[in-house]
Amino acid sequence: MTNNKKETEKLLSHQDLGVQLDLYSFHDIAPGAPFWHPKGMAVFRELEKAIREALDSQNYQEISTPIMVRKDLFEKSGHFQFYKDLMFTLKVDDQTFVLKPMNCPESAIVYGTKTRSWRDLPLKFSEIGRLHRKELSGVLNGLFRVRQITMDDAHIYTGINNLVEEINQLIVLIDNFYKIFNFKTSYFLATRPDEAKIKYEIQPKEGAFYGPKIEIHVKDSLGRSWQLGTIQVDFNMAEKFNLSFANQKGEKEKPVVIHRAVFGSFERFIGILVENYQGALPVWLSPVQVKILSISEQYEKYAENIRAELARKNIRAEIDGANETIGKKIRNSEIEKIPYILVVGEKEEKNDSVAVRERGKGDLGAMKLEKFIEKINKEIESKI
Ligand SMILES: [Zn+2]
């Protein structure tokens, strides 16, 4: 008995939960690169949507740059010298290309396509970019350590006078974002301190080769600590790529570049979330938010009407049409950690209602369908 209890309380890894919940899988043919299943993609897309909404309201402009670029771009930026062991190179038409391990130099190319003035600054280019890093096969670890990384990246081009203000805004952005997941943040400053009024710890010499760096660490609900976001100030990039803007006096001035990531890597962030919630993701992130179960075949059409109505309201719902008892279907949905189960039969069809069971709370009784939609939409919108 004791052993069994311990077994059920044991925390599952995101790899095991990924299989159990049909989110993603890993295969030898692509080491360090997950295959995202439809349910995993639903989570991925919600996170993309959430970060895009946050950035749109702060005047970011999204760009997308090539994955495969000539090696000399990364020599020019200085990355190649530091990261060559981590970069995949390939020969095409007698030229050496790399799979980009970071987006920075390509963002600089977009900046350089126009004459910029102080009125354009701060210029914030965001990119959800696919990166590749040649991690050794021995260190690959599910979603935590991958070779193909999806990064929520941004480069902010600003005059030196606005640097501190921009950094403070970034800290607020990142802090607010982590609050959605109830993560507690702490900050580490590598090298030079700035004016931001936050408590931080110093990590000497841990900064990037081009300047100081703020690392944002979070504690999840299991008490584990993770380094997620970074804010890095770069005084070299403008020089290397000959970037400038016309300042208020009409003189050419070099912008300072801030590199920043909120999640860091989508892969790692999703791995952390899946373990943090042990698969019971909040309603807004759940791949299937509602499971509909009909008492018998007679009510399958009503179940389908409900599914279609929920889909029209952008609520992800599925019908369990298996030939099983209702008790067994409820148990299966609970194992799948579905936030809401709707049971429908004669009474429900007659009253345009559904019998609602909520994850962790059990039976909530009958509810008009429109009332249920109102309730779940409120939770989705407030990201509960
Ligand atoms: Zn960068």
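Oh and the sequence shown: position 103 is 117 in this note's numbering, straight run, nothing missing. For every residue, glycine included, the Cβ atom is placed at its ideal position computed from N, Cα and C.
Residues 37, 288, 289, 292, 293 of the same chain have their beta carbon placed closer than 8 Å to that of residue 31, with the five preceding and five following residues left out of the count. In the DSSP assignment, residue 51 falls outside any alpha helix (DSSP H) and carries neither an H nor an E. In the DSSP secondary-structure assignment, residue 332 is bridged to 305.
For the pair residue 135 and residue 269, the CB atoms are nearer than the 9 Å cut-off.
With distances taken between CA atoms, residue 359 lies nearest to 368 out of 256, 368, 243, 351. With respect to residue 90, residue 119 sits close: the two C-beta atoms are nearer than 9 Å.
DSSP, reduced to helix, strand and coil, places residue 38 within a strand of the structure shown. Closest in alpha carbon position to residue 319, among 296, 356, 348, 350, is 356. With 5 Å as the limit between CB and the heavy atoms of ligand 1, the residues that fall short of it are 118, 273. Within its own chain, the residues whose Cβ lies closer than 7 Å to the Cβ of residue 296, once the five positions on either side in sequence are excluded, are 397, 398, listed in chain order. In its chain, beyond the 5 residues on either side, 231, 233 have a beta carbon closer than 6 Å to the beta carbon of residue 239.
Around the beta carbon of residue 246, 16 or more other beta carbons sit within 10 angstroms, so the residue counts as buried. When DSSP assignments are scanned along the stretch 134-159, the uninterrupted stretches of beta strand (DSSP E) that are 3 or more residues long and fall wholly within it turn out to be 137-146. Take residue 373, set aside five residues on each side of it, and the residues of its chain with a beta-carbon closer than 6 Å to its own are 353, in chain order.
Sequence-distant partners of residue 189 (beyond 5 residues in either direction) whose C-beta falls short of 6 Å from its own C-beta, in its chain, are 199. With a cut-off of 8 Å on Cβ pairs, the stretch 297-312 is not in contact with the stretch 261-278, counting fewer than three such pairs.
For residue 280, the number of other beta carbons within 10 angstroms of its own is at least 16, and it is reported as buried. Taking C-alpha positions only, residue 46 is separated from residue 127 by approximately 35 Å. Inclusion of residue 57 and residue 299 in the CB contact set at 9 Å is warranted, their separation being smaller than that value.
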